[in-house]
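**Student:**
2 protein chains.
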Amino acid sequence: MATGAIRRTKPREPKSFDGETRARDDHHDSLRLWLRLLSCSALIENHIRQRLQGEFETTLPRFDLMAQLERCPEGLKMGELSKRLMVTGGNVTGITDLLEEEGLVARVIDAQDRRAFRVKLTPSGQRLFKRMAAAHERWIVNLFDALPAKSKQRLAGLLQDLKIHVRRQERPRAGNSI
Amino acid sequence: MATGAIRRTKPREPKSFDGETRARDDHHDSLRLWLRLLSCSALIENHIRQRLQGEFETTLPRFDLMAQLERCPEGLKMGELSKRLMVTGGNVTGITDLLEEEGLVARVIDAQDRRAFRVKLTPSGQRLFKRMAAAHERWIVNLFDALPAKSKQRLAGLLQDLKIHVRRQERPRAGNSI
DNA sequence: GAAAACTATTTGACATCTAAAGTATCTGGC
DNA sequence: GCCAGATACTTTAGATGTCAAATAGTTTTC
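So the protein lines, in turn, are chains G and D. Number 213 marks the last residue of the first sequence (this note's numbering); no jumps. Number 213 marks the last residue of the second sequence (this note's numbering); no jumps.
Below you can see the structure in the form of structure tokens.
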């Protein structure tokens, strides 16, 4: 969850401002940015996780899955959940099984495609999620409260840029090293 | 890993710019920011994870633990690793066990405190980590390449602010709801 | 219309993770 | 010295995650 740093580039002998130095600084920037991004999200994620456990005796993956369903009243197929949650299909199967046992979601047969089904929130799941979502929103708002609104907007914008660039970078091929 | 969105505030009837609207927008901002932060880090984390698996047959937690050790040649105690990696002690025990079996790290008895020991990279662990770290840095730099240097710096700064604010917000008490 | 290729989901083996309980060692106060 | 509590780590049970193989239903192709 932390992806520790590597910074071996000791900047002794500052050198004049040439391409070499520039590239190296840029590397350093990228690594530092990544580590900071990761530690921020881990910090907040852990916080939310503990709250969910402490106040609702539930977990973040369960909450996330239900959150996806809540905004799709017509239900979602397992594969769609997998893509949206950015986890593997097998994982979705497991979480859905548990939520189903708890009566919070239901697998509904899809008449069009008998391989698939739609997962939906049950009424009881909807009620519970409504409560959890309200609490979740309070926690987030409190955590982010101290950060000026302007910073939040800038940050959200920059993260959006980053996401787009990363996705673009990933597309070209799956196995291209270097 | 995704913490799905909740945005129930349909902005029908824009209302004049009063406190109500303002507060609600702010909530929306915080949530959106959080979801974006999380999806960014999940995106990149998954990428790195697959690379580590594909090219070194290892995992992110193993890499992270070794990264922490690499910059502490005198070794780290289990508890220190736990804090730095932001995971529980039991987790560190498991990963260390595996790395030890693979001969990449070693538990060294601490003469001062017989409850504890220092975990260190073995020479073989150092060699392997050096190779992995170089590749890891390339991957990160490539992923972040397209983002302008200026954006990276701004982003890193804002994330630093966020981290500080979140940590401050967390301190007050562990059990204060709302 | 049957074989081949594809797609949706589950299963199995195993690696992470957490929370809570257990074990051993250390420390401070008497 | 001795013992109560703190500290360092491990263990346990169970949830979450991956990957790869298995199952079953769909579509394509000829």
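We treat Cβ as the ideally placed atom computed from N, Cα and C, and that holds for glycine.
For D:Val176, does the three-state DSSP call read helix, strand or coil?
**Tutor:** On the second sequence, residue 176 of chain D is found 141 positions in, with the first residue counted as 1. Of the three classes helix, strand and coil, the one that applies to D:Val176 here is helix, per DSSP.
**Student:** Residue range of the beta strand (DSSP E) that D:Val143 falls in?
**Tutor:** Mapped onto the second sequence, residue 143 of chain D falls at position 108. Note, D:Val143: beta strand (DSSP E), 140–144.
**Student:** Can you tell me whether G:Leu109 is buried or exposed, with buried defined as 16 or more other CB within 10 angstroms of its CB?
**Tutor:** Locating residue 109 of chain G in the first sequence gives position 74, counting from the first residue. Note on identity: in this sequence residue 109 of chain G is Glu, with Leu being the wrong assignment. Exposed, because fewer than 16 other Cβ atoms sit within 10 Å of the Cβ of G:Glu109.
**Student:** When you compare the CB of D:Phe179 with every CB in chain G, is at least one pair closer than 8 Å?
**Tutor:** Counting from 1 along the second sequence, the entry for residue 179 of chain D is found at position 144. So, interface residue.
**Student:** Within 8 Å (strictly less), CB to CB, does G:Asp175 reach chain D?
**Tutor:** Along the first sequence, one-based indexing puts residue 175 of chain G at 140. Asp is not the amino acid found at residue 175 of chain G; the sequence shown has Ile there. Yes, contact with chain D.
**Student:** Go ahead and pull the three-state DSSP assignment for D:Val127.
**Tutor:** For the purposes of this step, residue 127 of chain D is taken as residue 92 along the second sequence, with counting starting at 1. DSSP places D:Val127 in helix when its eight states are reduced to three.
**Student:** Tell me whether the beta-carbon of D:Leu95 lies closer than 8 Å to the beta-carbon of D:Leu116.
**Tutor:** In the second sequence, the residue the question calls residue 95 of chain D occupies position 60. In the second sequence, the residue the question calls residue 116 of chain D occupies position 81. Cβ distance not < 8 Å, so D:Leu95 and D:Leu116 don't count as in contact.
**Student:** With 16 as the cutoff for other CB atoms within 10 Å, does D:Arg203 come out buried or exposed?
**Tutor:** By 1-based counting over the second sequence, the position of residue 203 of chain D is 168. Burial call: exposed.
**Student:** Thinking C-alpha only, which one of G:Arg142, G:Lys185, G:Asn177, G:Gly138 is nearest G:Leu163?
**Tutor:** The residue you call residue 163 of chain G lines up with position 128 of the first sequence. Closest by alpha carbon: G:Gly138.
**Student:** Name, please, each residue of chain D whose Cβ falls closer than 8 Å to the Cβ of G:Gln188.
**Tutor:** Position 153 of the first sequence, counting from 1, holds the residue named residue 188 of chain G. The contacting residues are Asp64.
**Student:** From which residue to which residue does the beta strand (DSSP E) around G:Val154 run?
**Tutor:** In the first sequence, counting from the first residue as 1, residue 154 of chain G sits at position 119. Element bounds for G:Val154: 152–156.
**Student:** Identify, in the order they occur along the chain, each residue of the same chain with its Cβ nearer than 7 Å to the Cβ of D:Gly160, setting aside the five sequence neighbours on each side.
**Tutor:** The residue you call residue 160 of chain D lines up with position 125 of the second sequence. Closer than 7 Å at the Cβ level, and outside the excluded window around D:Gly160, lie Met101, Leu139, Val140.
**Student:** What does a CB cutoff of less than 7 Å around G:Gly114 pick up in its chain, not counting 5 residues either side in sequence?
**Tutor:** By one-based count along the first sequence, residue 114 of chain G stands at place 79. Cβ within range, chain order: Gly124.
**Student:** In chain order, what residues of the same chain have a beta carbon less than 6 Å from the beta carbon of D:Phe152, not counting five sequence neighbours either side?
**Tutor:** To locate residue 152 of chain D, count along the second sequence from 1; it is residue 117. Within the same chain, D:Phe152 has close Cβ partners Arg142, Val143, Ile144, Asp145.
**Student:** Mind checking the stretch 72–83 of chain D against chain G and listing, in chain order, the residues whose C-beta falls within less than 8 Å of any C-beta there?
**Tutor:** Cβ contacts with chain G: Leu72, Leu73, Ser74, Cys75, Ser76, Ala77, Leu78, Ile79, Glu80, Asn81, His82, Ile83.
**Student:** Just to make sure I have the definition right: I need the residues of chain D whose C-beta is within less than 8 Å of the C-beta of G:Lys198. Which are they?
**Tutor:** Your numbering for residue 198 of chain G matches position 163 in the first sequence. Chain D residues near G:Lys198: Arg71, Ser74, Cys75, Leu78.
**Student:** Would you report the Cα separation of G:Glu80 and D:Asp148, rounded to the nearest angstrom?
**Tutor:** Position 45 of the first sequence holds residue 80 of chain G. Position 113 of the second sequence holds residue 148 of chain D. One C-alpha to the other measures close to 34 Å.
**Student:** Taking all protein chains shown into account, decide if G:Gln103 is buried (16 or more other Cβ within 10 angstroms of its Cβ) or exposed.
**Tutor:** Here residue 103 of chain G refers to the residue found at position 68 of the first sequence. With 16 or more other Cβ atoms within 10 Å, it is buried.
**Student:** Could you check the C-alpha separation between D:Glu172 and G:Val201 for me, to the nearest Å?
**Tutor:** Walking along the second sequence from the start, residue 172 of chain D turns up at place 137. Walking along the first sequence from the start, residue 201 of chain G turns up at place 166. Near 15 Å, if we compare the C-alpha coordinates of G:Val201 and D:Glu172.
**Student:** Give a yes or no on whether the minimum CB-CB distance between G:Glu205 and chain D is below 8 Å.
**Tutor:** Counting from 1 along the first sequence, the entry for residue 205 of chain G is found at position 170. The beta carbon of G:Glu205 falls within 8 Å of a beta carbon belonging to chain D, placing the residue at that interface.
**Student:** Quick check: the Cα distance between D:Phe179 and D:Arg189, rounded to an integer number of angstroms?
**Tutor:** To locate residue 179 of chain D, count along the second sequence from 1; it is residue 144. To locate residue 189 of chain D, count along the second sequence from 1; it is residue 154. Whole-angstrom Cα-Cα distance: 14 Å.
**Student:** Please report the distance separating the alpha-carbon of D:Leu68 from that of D:Glu136.
**Tutor:** Here the question's residue 68 of chain D lines up with position 33 in the second sequence. Here the question's residue 136 of chain D lines up with position 101 in the second sequence. Going by the C-alpha atoms only, they are around 41 Å apart.
**Student:** Does the distance from the C-beta atom of D:Ser76 to that of G:Asp196 stay below 8 Å?
**Tutor:** Locating residue 76 of chain D in the second sequence gives position 41, counting from the first residue. Locating residue 196 of chain G in the first sequence gives position 161, counting from the first residue. No. Outside cutoff.
**Student:** Hey, how far is the Cα of D:Lys165 from the Cα of D:Glu90?
**Tutor:** If you number the second sequence from 1, residue 165 of chain D lands on position 130. If you number the second sequence from 1, residue 90 of chain D lands on position 55. Those two C-alpha atoms are separated by around 14 Å.
**Student:** Would you say G:Val201 faces chain D, with C-beta separation under 8 Å as the test?
**Tutor:** Taking the first residue of the first sequence as position 1, residue 201 of chain G is located at position 166. Output row for G:Val201: interface = yes.
**Student:** Look at G:Leu156 and G:Glu105 and say whether their C-beta atoms are less than 8 Å apart.
**Tutor:** On the first sequence, residue 156 of chain G is found 121 positions in, with the first residue counted as 1. On the first sequence, residue 105 of chain G is found 70 positions in, with the first residue counted as 1. For G:Leu156 and G:Glu105, yes; Cβs fall inside 8 Å.
**Student:** Closer than 7 Å by C-beta to G:Arg86: which residues in its own chain qualify, once you throw out the five before and the five after it? Chain order, please.
**Tutor:** In the first sequence, the residue the question calls residue 86 of chain G occupies position 51. Taken in chain order, the residues that qualify are Trp174.
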